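Peer 1: Residue numbers (this note's numbering), protein chains in the order written: chain A, 8 to 441; chain B, 8 to 441.
Virtual Cβ for every residue (Gly too), placed ideally from N, Cα, C.
Here the structure is a predicted model, which means the values were calculated and not measured.
Sharing a structure below in structure tokens format, with a few things to ask.
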């Protein structure tokens with residue numbers, strides 16, 4: 008077997024075997040297949056695609072490239088969640104405590120990532136003192152005792168994905184469905200949970216702009232998860248505008264806390280309830296979606312979800328008081344309102360633009376490992392379809408200085424479109440793939 | 008402009024501009040575009056193709072990547088010839104002296120290359136003492152005085168092609184028509200001749216197996232040559248079986264000399280006459296193909312072509328006597344006849360197989376810069392369509408030892424197919440593209 012022949016085989020449109028994917032991944036990770044051969048192979052995959060079988064073989068090999076997380080010593084049903092990413096996506100921060108408070112074990116690895124804001128890890132660091140450097144033993148212990156733990160992703164989990172992703176990122180081979188599926192699912196399957204819930208975004212602010220592509224991604228991930236023996240379900244939801252109201256690390260933590268306090272009944276809460284209900288029904292802990300949603304609403308109303316977040320923050324070395332008093336979280340020195348330039352209905356809020364504004368404020372990173380400001384961001388007051396008066400505030404900018412606020416303001420204004428008539432309402436939850 | 012965007016643009020099927028090819032080639036040669044991005048781009052070209060314009064832009068940029076040969080100080084009409092390569096292809100060795108003897112200046116760069124035998128440079132080194140390390144001044148002087156000079160290709164001529172070809176070779180991106188066109192034509196256009204004649208092979212032993220692909224390659228090369236202001240013509244000829252009778256370096260030199268002596272009236276002579284006639288008509292030295300062929304036959308009959316070869320050998324430091332007495336050329340210590348395993352018509356002689364046998368004998372190279380044995384090879388006695396009796400010799404093996412001969416014999420026997428009836432004759436010259 009040699010790489011050249013495998014490139015030619017894929018280029019010709021043939022299916023590769025399990026052994027051939029094993030050869031490719033093992034040798035690529037070992038460095039004996041050079042990047043220039045792998046990138047030619049990946050570009051051939053762009054044009055020729057991969058069968059479901061091939062995606063499975065690739066995913067399995069990627070998992071084998073590193074360590075897997077052994078959660079067998081964690082009692083109960085373990086769930087993991089993955090979001091395909093979007094603007095203002097703080098779902099994990101609200102959903103995980105809710106799940107843990109009703110008895111699902113959430114023992115999760117998470118990342119920092121590049122983007123409009125930091126990743127979950129960055130957001131969690133808004134809690135003074137909180138660490139996600141949790142070693143194996145402590146990780147299992149906290150999962151059992153608190154029911155909820157989040158650690159930073161180690162380099163040992165699916166190293167093949169790290170190496171492949173870095174190559175795809177610079178060779179125009181990121182947006183290839185089977186490669187996205189195997190990248191996400193290799194990490195989820197290596198993470199040892201019984202139930203995987205996939206939060207798939209669709210729309211202008213999402214990785215997948217078209218609804219049909221998002222559903223196809225959801226379908227392929229769910230199919231692969233099931234073949235691998237995991238209970239897997241995906242929820243496809245709107246990312247044409249940012250999720251919820253806050254975009255920015257600490258600001259998003261505050262919004263998640265508001266959901267857990269029962270003070271926020273918007274889209275973020277809606278999404279958490281649906282995703283949570285999927286987990287509870289898959290776990291057999293609820294007979295119906297309605298019953299599951301009732302359980303989740305209860306844990307908000309009785310304060311147990313909020314206390315679970317506090318227990319989690321404390322267990323990871325953070326200040327639990329910040330959960331109850333969010334003024335202890337980082338806050339920006341300056342706030343500015345952005346007055347609406349006209350009266351009318353908000354036709355669109357480009358999620359992408361809001362995200363770029365957050366980067367301009369210093370709240371995101373475009374380059375790996377660059378520092379981010381947890382305090383900055385924006386809080387929307389109006390969402391798509393809302394009526395706004397001229398000069399009424401569209402949003403509040405939280406900034407570290409006037410200059411960055413000015414820069415953000417420009418991007419923000421360009422992100423809005425208005426209309427004289429109320430725009431057609433589109434469903435927020437587009438569908439569930441089981 | 009950045010490489011990533013250009014990959015995406017080509018991947019999407021768009022035409023790249025002149026400036027974009029300039030960016031790609033300049034930066035690739037300079038090392039600031041890594042191989043892994045270029046190989047992804049090349050694979051996208053495999054699927055999306057390139058327009059004629061793009062091929063021109065790429066070719067022009069490749070030429071600019073290095074030096075060009077200035078033949079302005081060579082008096083008269085300068086011609087260059089390129090063969091797409093095949094088995095037993097010794098055309099240059101006979102054609103160039105013929106052209107030079109009728110007054111066309113042949114000032115050529117040539118290569119060693121990988122393959123069943125060495126390249127023209129290797130074959131020429133069969134003449135004792137001959138060198139192709141001819142520097143610029145001597146090159147021009149010999150072109151003017153002898154009318155015929157061949158130098159080894161310098162690293163300074165189209166370095167972009169060298170770098171690109173090495174990458175294509177290991178990434179499954181060799182057989183891409185516009186890339187083949189620009190690889191060949193960049194070198195020809197950089198070599199300063201007025202007339203370019205392209206010897207395009209077609210069939211099982213050729214790079215292009217299908218006749219339609221060979222004609223398309225010929226058409227594209229001719230079109231590009233003309234756009235670049237050169238008189239360009241291509242002859243498409245058969246390479247289902249080896250060209251002529253000899254396969255092996257010194258053996259091929261002997262066959263070329265036999266043509267120049269008027270002792271060989273086979274396909275090699277036929278091809279040389281057609282290619283030569285194309286040059287003479289393009290040069291305006293003959294009114295018709297018939298007249299041109301008469302001129303070329305004359306230079307064989309009156310011995311001037313053979314003397315021209317001798318003058319050339321002498322000018323390049325070789326022993327001119329070997330032209331008249333080929334026993335002075337390298338010869339193998341052992342010869343073996345290969346008896347036909349059956350009686351019948353020869354249906355096919357796989358050129359590829361004959362070539363592989365020559366490599367087994369030590370006459371070719373599979374790895375760059377590996378040494379080759381100039382003396383070994385095979386001389387066919389029968390060609391496709393000939394009748395052969397059982398045990399009648401099919402060919403003579405020229406070997407350095409019995410072991411290599413045995414190995415070659417096995418490959419050779421597998422290369423023949425027989426039939427009870429005479430196979431349909433196919434034209435040797437398939438067409439001329441002007």
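(1) Can you check DSSP and say which residues form a bridge with residue 372 of chain B?
(2) Is the Cβ of residue 31 of chain A closer than 8 Å to any Cβ of chain B?
(3) Quick one: what does DSSP say residue 351 of chain A is sitting in, helix, strand or coil?
(4) Should residue 372 of chain A go down as buried or exposed, given a rule of 16 or more other Cβ atoms within 10 Å for buried?
(5) Could you tell me whether any Cβ in chain A is nearer than 8 Å to the Cβ of residue 187 of chain B?
(6) Between residue 440 of chain B and residue 240 of chain B, how many whole angstroms is the CB-CB distance? I'm expecting something under 8 Å.
(7) Kindly indicate the opening and closing residues of the alpha helix (DSSP H) around residue 129 of chain B.
(8) Return the chain-ordered list of same chain residues with a C-beta closer than 6 Å to the C-beta of residue 325 of chain A, the five sequence neighbours on each side being excluded.
(9) Would you mind telling me which residues of chain B sit closer than 8 Å to residue 15 of chain A, beta carbon to beta carbon, in chain order?
(10) What residues from chain B crowd round residue 174 of chain A, counting only those whose CB sits closer than 7 Å?
(11) Residue 291 of chain A: buried (16+ other C-beta within 10 angstroms of its C-beta) or exposed?
(12) How many angstroms separate the CA atom of residue 27 of chain B from the CA atom of residue 224 of chain B?
(13) Under the rule that 16 or more other beta-carbon atoms within 10 Å means buried, what is residue 45 of chain B, buried or exposed?
(14) When burial is assigned at 16 or more other CB atoms within 10 Å of the CB, is residue 367 of chain B buried or exposed?
(15) Taking any Cβ of chain B, which residues in the stretch 204–229 of chain A have a Cβ under 8 Å from it, in chain order?
(16) For a test of the three-state rule: what should DSSP assign to residue 322 of chain A, helix, strand or coil?
(17) Give the straight-line distance between the Cα atoms of residue 174 of chain A and residue 43 of chain B, rounded to the nearest whole angstrom.
(18) For residue 441 of chain A, which three-state DSSP category applies?
(19) Strictly below 9 Å CB to CB, what residues from chain A border residue 18 of chain B?
(20) Do residue 268 of chain B and residue 313 of chain B have their C-beta atoms closer together than 8 Å?
(21) Return the bridge partner residues of residue 344 of chain B from the DSSP annotation.
(22) In terms of residues, what are the limits of the alpha helix (DSSP H) holding residue 387 of chain A?
(23) Would you tell me roughly how many angstroms separate the C-alpha atoms of residue 190 of chain A and residue 66 of chain A, rounded to the nearest one?
(24) Rounded to a whole number of angstroms, what is the C-alpha to C-alpha distance between residue 410 of chain A and residue 339 of chain A?
(25) Can you give me the C-alpha to C-alpha distance between residue 306 of chain A and residue 18 of chain A, rounded to a whole angstrom?
(26) Are there 16 or more other CB atoms within 10 angstroms of the CB of residue 397 of chain B, so buried, or fewer, so exposed?
(27) What residue ranges within the stretch 255–333 of chain A form continuous alpha helix (DSSP H) runs of no fewer than 4 residues, ordered along the chain?
(28) Mind checking who residue 253 of chain A pairs with in its DSSP beta bridge?
(29) Rounded to the nearest angstrom, what separates residue 212 of chain A and residue 206 of chain A at their Cα positions?
(30) I'd like to know whether the C-beta atoms of residue 354 of chain A and residue 430 of chain A end up nearer to each other than 8 Å.
(31) Using DSSP with H/G/I as helix, E/B as strand and the rest coil, what is residue 241 of chain B?
(32) Below 8 Å CB to CB, which residues in the same chain sit around residue 279 of chain B once its five sequence neighbours on both sides are set aside?
(33) When the cut-off is 8 Å and only beta carbons count, does residue 423 of chain B lie next to chain D?
(34) Starting from residue 362 of chain A, trace the alpha helix (DSSP H) both ways and give me its first and last residue.
(35) Ordered along the chain, which non-local residues of its own chain (more than five positions away) have a Cβ less than 7 Å from that of residue 56 of chain B?
(36) Taking the alpha-carbon positions, what's the residue 401 of chain B to residue 395 of chain B distance?
Peer 2: The relevant details are as follows:
(1) Your numbering for residue 372 of chain B matches position 365 in the second chain. DSSP, once it has assigned bridges, lists B:122 as partnering residue 372 of chain B.
(2) Stepping through the first chain from its first residue, residue 31 of chain A is reached at position 24. No, its Cβ sits nowhere closer than 8 Å to a Cβ of chain B.
(3) Numbered from its first residue, the first chain carries residue 351 of chain A at position 344. Strand at residue 351 of chain A.
(4) Here residue 372 of chain A refers to the residue found at position 365 of the first chain. When all chains shown are included, residue 372 of chain A counts as buried.
(5) For the purposes of this step, residue 187 of chain B is taken as residue 180 along the second chain, with counting starting at 1. It does not: the Cβ of residue 187 of chain B has no partner Cβ on chain A nearer than 8 Å.
(6) In the second chain, residue 440 of chain B corresponds to position 433, counting from 1. In the second chain, residue 240 of chain B corresponds to position 233, counting from 1. Correct: roughly 7 Å between the Cβ atoms.
(7) Locating residue 129 of chain B in the second chain gives position 122, where the first residue counts as 1. 127–131 is the span of the alpha helix (DSSP H), which, as asked, contains residue 129 of chain B.
(8) In the first chain, residue 325 of chain A corresponds to position 318, counting from 1. If we look at residue 325 of chain A and ignore the five residues flanking it on each side, its Cβ neighbours are 134, 136 and 137.
(9) In the first chain, residue 15 of chain A corresponds to position 8, counting from 1. 179, listed in chain order.
(10) Walking along the first chain from the start, residue 174 of chain A turns up at place 167. Within 7 Å Cβ-Cβ: 43.
(11) Here residue 291 of chain A refers to the residue found at position 284 when the first chain is read from its first residue. Of the other Cβ atoms in all chains shown, fewer than 16 fall within 10 Å of the Cβ of residue 291 of chain A; this residue is therefore exposed.
(12) For this step, residue 27 of chain B is matched to residue 20 along the second chain. For this step, residue 224 of chain B is matched to residue 217 along the second chain. Each residue's alpha carbon lies about 24 Å from the other.
(13) Counting from one through the second chain, the residue named residue 45 of chain B turns up at place 38. Using a 10 angstroms sphere on the CB of residue 45 of chain B, the tally of other CB atoms reaches 16 or more, which defines it as buried.
(14) As a position in the second chain, residue 367 of chain B is number 360, starting the count at 1. Taking all protein chains shown into account, residue 367 of chain B has 16 or more neighbouring C-beta atoms within 10 Å of its C-beta and is therefore buried.
(15) Per Cβ criterion, the list is empty.
(16) Position 315 of the first chain holds residue 322 of chain A. Residue 322 of chain A falls in the helix class under three-state DSSP.
(17) Reading the first chain from its first residue, position 167 is the one you call residue 174 of chain A. Reading the second chain from its first residue, position 36 is the one you call residue 43 of chain B. Their Cα atoms are separated by approximately 8 Å.
(18) Numbered from its first residue, the first chain carries residue 441 of chain A at position 434. Coil, per DSSP.
(19) As a first step, residue 18 of chain B is located in the second chain; it is residue number 11 there, counting from the start. Within chain A, the C-beta atoms nearer than 9 Å to that of residue 18 of chain B come from 50, 53, 54, 179 and 180, in chain order.
(20) As a first step, residue 268 of chain B must be located in the second chain, where it is residue number 261. As a first step, residue 313 of chain B must be located in the second chain, where it is residue number 306. Their beta carbons are under 8 Å apart, which means residue 268 of chain B touches residue 313 of chain B by this criterion.
(21) Taking the second chain and counting its residues from 1, one reaches residue 344 of chain B at position 337. DSSP, once it has assigned bridges, lists B:403 as partnering residue 344 of chain B.
(22) Position 380 of the first chain holds residue 387 of chain A. Unbroken run through residue 387 of chain A is the beta strand (DSSP E), 384–387; no alpha helix (DSSP H).
(23) On the first chain, position 183 is the one that residue 190 of chain A refers to. On the first chain, position 59 is the one that residue 66 of chain A refers to. So the alpha carbons of these two residues sit roughly 7 Å apart.
(24) For the purposes of this step, residue 410 of chain A is taken as the residue at position 403 of the first chain. For the purposes of this step, residue 339 of chain A is taken as the residue at position 332 of the first chain. Spanning the alpha carbons of residue 410 of chain A and residue 339 of chain A requires a straight line of approximately 14 Å.
(25) Locating residue 306 of chain A in the first chain gives position 299, counting from the first residue. Locating residue 18 of chain A in the first chain gives position 11, counting from the first residue. Distance between the alpha carbons of residue 306 of chain A and residue 18 of chain A: 53 Å.
(26) Position 390 of the second chain, counted from the first residue, corresponds to residue 397 of chain B. It counts as exposed.
(27) Secondary structure in the stretch 255–333 of chain A: the alpha helix (DSSP H) runs of 4 residues or longer, each lying completely within the stretch, are 256–267, 274–289, 296–308, 311–322 and 328–331 in chain order.
(28) Indexing the first chain from 1 puts residue 253 of chain A at position 246. DSSP output for residue 253 of chain A lists A:386 as bridge partner(s).
(29) Taking the first residue of the first chain as position 1, residue 212 of chain A is located at position 205. Taking the first residue of the first chain as position 1, residue 206 of chain A is located at position 199. Distance between the alpha carbons of residue 212 of chain A and residue 206 of chain A: 14 Å.
(30) Counting from 1 along the first chain, the entry for residue 354 of chain A is found at position 347. Counting from 1 along the first chain, the entry for residue 430 of chain A is found at position 423. It is a contact, given that the beta carbons lie within the stated cut-off.
(31) If you number the second chain from 1, residue 241 of chain B lands on position 234. Correct three-state label for residue 241 of chain B: strand.
(32) Translated into positions along the second chain, residue 279 of chain B becomes position 272. Sequence-distant Cβ neighbours of residue 279 of chain B in its own chain, meaning closer than 8 Å and more than five residues away, are 98, 101, 102, 105, 266 and 303.
(33) In the structure shown, chain D cannot be found, because the protein chains are A and B.
(34) Here residue 362 of chain A corresponds to residue number 355 of the first chain, with the count starting at 1. Looking at the DSSP string, the run of the alpha helix (DSSP H) that includes residue 362 of chain A is 358–367.
(35) As a first step, residue 56 of chain B must be located in the second chain, where it is residue number 49. Once the five neighbours on either side are set aside, the close Cβ partners of residue 56 of chain B are 185.
(36) For the purposes of this step, residue 401 of chain B is taken as residue 394 along the second chain, with counting starting at 1. For the purposes of this step, residue 395 of chain B is taken as residue 388 along the second chain, with counting starting at 1. Approximately 8 Å between the Cα atoms of the pair.
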